[in-house]
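So for the sequence shown, numbering that gives the first Met the number 0 puts the first residue at 0; every next one is plus one.
Where is the CB? At the ideal position from N, CA and C, for every residue including glycine.
Everything on this sheet refers to the single structure shown next.
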Amino acid sequence: MDIPPPLRAVFLDRDGVLNIDHGYIADPTRLEWIDGAREAVAAMTRAGLTVMVVTNQSGIGRGYFAEEAMHAFHAEMQAQLAPLGGRIDAFYFAPHHEDAAIETYRVVDHPDRKPNPGMVLRGLADFSLAPAEAVIIGDRSSDVEAGRRAGVAGHLFRGGDLHAFVLAVLGDRVPGLK
């Protein structure tokens, strides 16, 4: 039986895993965390894991909000994580959609748009990670599929307390995760 290498990184979907999915959300004043999400990110940060977000953001391509608004939303997430000792090391986003109103983003089956693995592959390369050293946690099968296509194990989060979920699915592979 092969023993997997130590876990070094976690990819997280954003809407529905970290924050409540209100649909095409980019206004930082509307940030509402999933129960235990801040604590989960802080625990992973303390345990030395690289924490990355991979998020489809077709609201940009559809013209619902500007890319700058999404960056402001992510900055607010970082600001609210900091007091707990948490941080997100990288945000990867895919603004593309086949029905995008903005022509630049109107792409059928863009390699970055989940379930395609582009964002996950970029994160692996940027942080010099082997696929076996990372996992992905998402609330949709397309998140887990993106991980699978990149060779990364996936876990489907069906709601509840994210911190408890992370401890349950990652605790055996991450010494000091609490």
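Identify whether residue i lies in helix, strand or coil by the three-state DSSP scheme.
i	result
histidine 96	strand
phenylalanine 156	coil
phenylalanine 176	Correcting the residue type first, residue 176 is leucine in the shown sequence and not phenylalanine. Reduced to three states, the DSSP call for leucine 176 is coil.
phenylalanine 72	helix
arginine 105	strand
aspartate 14	strand
alanine 65	coil
valine 119	helix
alanine 25	coil
How far does the alpha helix (DSSP H) with residue i in it extend, from its first residue to its last?
i	result
phenylalanine 126	Here phenylalanine 126 belongs to no alpha helix (DSSP H), and DSSP marks it neither H nor E.
leucine 161	161-169
valine 40	36-45
valine 143	140-148
How would you write the range of the beta strand (DSSP E) that residue i sits in, first residue to last?
i	result
isoleucine 136	133-137
valine 52	49-55
State the CB to CB distance for the pair residue i and residue j, rounded to an integer number of angstroms; the pair is presumed to be in contact (CB under 8 Å).
i	j	result
alanine 180	valine 173	For the chain, the structure presents residues 0 to 177; residue 180 sits outside this window and is missing.
isoleucine 2	asparagine 18	Not quite, the Cβ-Cβ distance comes to about 35 Å (not below 8 Å), so this is no contact.
asparagine 115	alanine 145	6 Å
isoleucine 99	arginine 139	Inspection of the sequence shows that residue 99 is occupied by alanine rather than by isoleucine. Alanine 99 to arginine 139, Cβ: 20 Å. No contact.
In or out: residue i buried (at least 16 other Cβ within 10 Å) or exposed?
i	result
histidine 21	exposed
glutamate 132	buried
glycine 175	exposed
Hey, is the segment 51-58 in contact with the segment 73-91, meaning 3+ C-beta pairs nearer than 8 Å?
yes
Pairs of beta-carbons, one from the segment 89-98 and one from the segment 110-125, closer than 8 Å: are there three or more?
yes
Contact between the segment 25-44 and the segment 65-80 (3+ Cβ pairs under 8 Å):
yes
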